[in-house]
Amino acid sequence: MTTQPLPASSWLNAPAHHAWLAAEGQRLLSFAKSSRLPDGFGNLDDKGRLAASARAETMNTARMTHSFAMAHAMGLPGYAEWVEHGVAALRGPLRDSEHGGWFAAPHAQDGNTGKAAYLHAFVALAASSAVVAGAPGAQTLLNDAIHIIDQFFWSEEEGAMLESFAQDWSGIEAYRGANSNMHATEAFLALADVTGDTRWLDRALRIVERVIHRHAADNQFMVIEHFDSRWQPVHGYNEDNPADGFRPYGITPGHGFEWARLVLHLEAARLQAGLVTPDWLVSDAKGLFASACEYAWSVDGAPGIVYTLDWQHQPVVRERLHWTHAEASAAAQALLKRTGELHYETWYRRFWEFCETHFIDRRHGSWHHELSPHNQPSCNIWGGKPDLYHAWQAVVLPALPLAPSMASALGAGRYVTRW
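Position 94 of the sequence shown, counted from 1, bears residue number 94 in full-length UniProt numbering, the numbering being contiguous throughout.
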């Protein structure tokens, strides 16, 4: 067992809290349905509308497919068609029919013909969830995604994912990223459940050993994001573009929370599979969470978690992003389940109070994706409301065990508390 009894007063024991989460989940799903385009899913604006020039993207299509598959797996009618649409898009216009793998946009219409590990991890996650949901073509999509990861992205020598390639799989990028490997870890947990192949759990452990137990642990459990091809930290990466949406300069505290949760899922999955499971996984998860809270919460005089910090733990980009707070809440509930320690309950409530007060948009739907340093809606980094994935997972995870992974747990009816 990897969980401890919850405090009697925990919100995770409260039917009213789970009813609130369920209602918020339904609200998020309904808003996201408007993102459908003929060749996938696109970006919605603040009011849930597609611009006339909107086009599908692989990232959003994969995330939406995964999210709608979870909804279908838990028994919510009306989402099977959206899962099927996502699978068809990922098998069709978003896939490179000549060289294999996936473009960022249909037929590389954005001019980007490269193949990124980050996107392929999400394709694998979407495919695994669609298989659980029983979507036509999902198994073929999953087999294709696994083949591409095995053939091109996974480096057995490095114990991690290679970052990106040219369209024909030449020209490996001389960069290694924690972000892409984090989402690969997430995908590998799901692949292990859907395929029954524990090599994915071994690969996930190797990634965590490198990125977290080696590098983050030596940096006060603040995740180092950017590395060269020999896995040496590149501290000045993107210093001239500090607010980049995917590779920002410095430390991204939101990823510390996200990694903390994934490390606990990995621990639970390995124990469930009867695999050797290091004792340090739970202590590393605690360290990640503690550092992110200490250095990033309310560090500039206002509540909320800043987007980035420099190497002296000072705020750089002070905007608050919705995904960071969704992941903070998700990490708090995971650590609360794993340890039963009351201070995680305190943080869990604090994060949800902040999200309800500042991020959740009761007027136009979904969540504001970005707030200014003064906690007013902003759009310097992320415009509109294109992302369902982070907030949706945050409202679903409190009802699930730490293992199996989300779609598999939902498909098997493994709710801790029934919706």
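For every residue, glycine included, the Cβ atom is placed at its ideal position computed from N, Cα and C. Quick caveat, the model's predicted, so the values are computed rather than measured.
For proline 15, the enclosing alpha helix (DSSP H) begins and ends at 15–32. Between the alpha carbons of phenylalanine 41 and methionine 64 lies a gap of roughly 7 Å. Contact between the region 298–306 and the region 231–238 is absent: fewer than 3 CB-CB pairs across the two stretches fall below 8 Å.
At the C-beta level, glutamate 163 and glutamate 173 come within 8 Å of one another. The three-state reading of DSSP puts glutamate 370 in strand, counting E and B together.
The residues His17, in chain order, have a CB closer than 6 Å to that of tryptophan 11 in the same chain once the five nearest residues on each side in sequence are set aside.
By alpha-carbon distance to asparagine 179, the top candidate from Ala260, Asn380, Arg95, His226 is His226. For histidine 85 against arginine 36, the beta-carbon gap comes to about 6 Å, under 8 Å, which counts as contact.
Contact between the region 245–263 and the region 209–223 is present: three or more C-beta pairs spanning the two stretches fall below 8 Å. Per the C-alpha coordinates, the member of His107, Ser9, Leu309 positioned closest to leucine 94 is His107. Contact between alanine 104 and threonine 58 holds, since their C-beta atoms are separated by about 5 Å, short of 8 Å. Minimum Cα-Cα distance from serine 408 among the listed residues Ala330, Val316, His265 corresponds to His265. For the set Arg230, Ala71, Gly383, the Cα lying nearest the Cα of leucine 29 is the one of Ala71.
Residue state for serine 229 is assigned as coil, using DSSP reduced to three classes. Annotation: the continuous alpha helix (DSSP H) that includes glutamate 294 extends over 280–296. In this structure, the beta-carbon distance from valine 316 to glycine 254 does not fall below 8 Å.
A direct Cα-to-Cα measurement between alanine 331 and proline 7 gives close to 17 Å. For serine 155, the three-state secondary structure derived from DSSP is strand.
Annotation: the continuous alpha helix (DSSP H) that includes lysine 337 extends over 322–339. Between the beta-carbon of valine 83 and that of glycine 411 there is about 12 Å, and that puts the pair past the 8 Å contact cut.
Put simply, of Arg414, Leu402, Leu201, His374 the residue whose alpha carbon is nearest the alpha carbon of leucine 335 is Leu402. Glutamine 333 and arginine 349 have their alpha carbons spaced roughly 9 Å apart. The beta carbon of glycine 100 sits closer than 7 Å to the beta carbons of Ile148 from its chain, once the five residues preceding and following it are set aside; these are given in chain order. Under the three-state reduction of DSSP, serine 378 is assigned to coil, being neither helix nor strand.
Excluding residues up to 5 positions away in sequence, Phe31, Ser34, Gly365 lie with their Cβ nearer than 6 Å to the Cβ of glycine 48 in the same chain.
The DSSP-derived three-state label of alanine 160 is strand.
The beta carbon of leucine 271 sits closer than 6 Å to the beta carbons of Thr2, Thr277 from its chain, once the five residues preceding and following it are set aside; these are given in chain order.
Listed in chain order, the non-local C-beta contacts of lysine 286 below 8 Å within the same chain comprise Ala260, Leu335, Thr339, local neighbours out to five positions each way being set aside.
With respect to the 8 Å criterion, glutamine 151 and glycine 114 are not classified as neighbours on the basis of their beta carbons. Under DSSP, proline 315 forms a beta bridge with Leu309. Distance from the Cα of alanine 326 is smallest, within the candidate group Pro398, His343, Gln312, for Pro398. Between asparagine 112 and proline 386, the gap from beta carbon to beta carbon reaches 8 Å or more.
Looking at the backbone, the Cα of alanine 187 and that of alanine 126 are separated by about 9 Å. Out of Ser405, Gly413, Tyr415, the CA that lies nearest to the CA of threonine 185 is found in Ser405. Here tryptophan 280 is near histidine 213, since their CB atoms are less than 8 Å apart.
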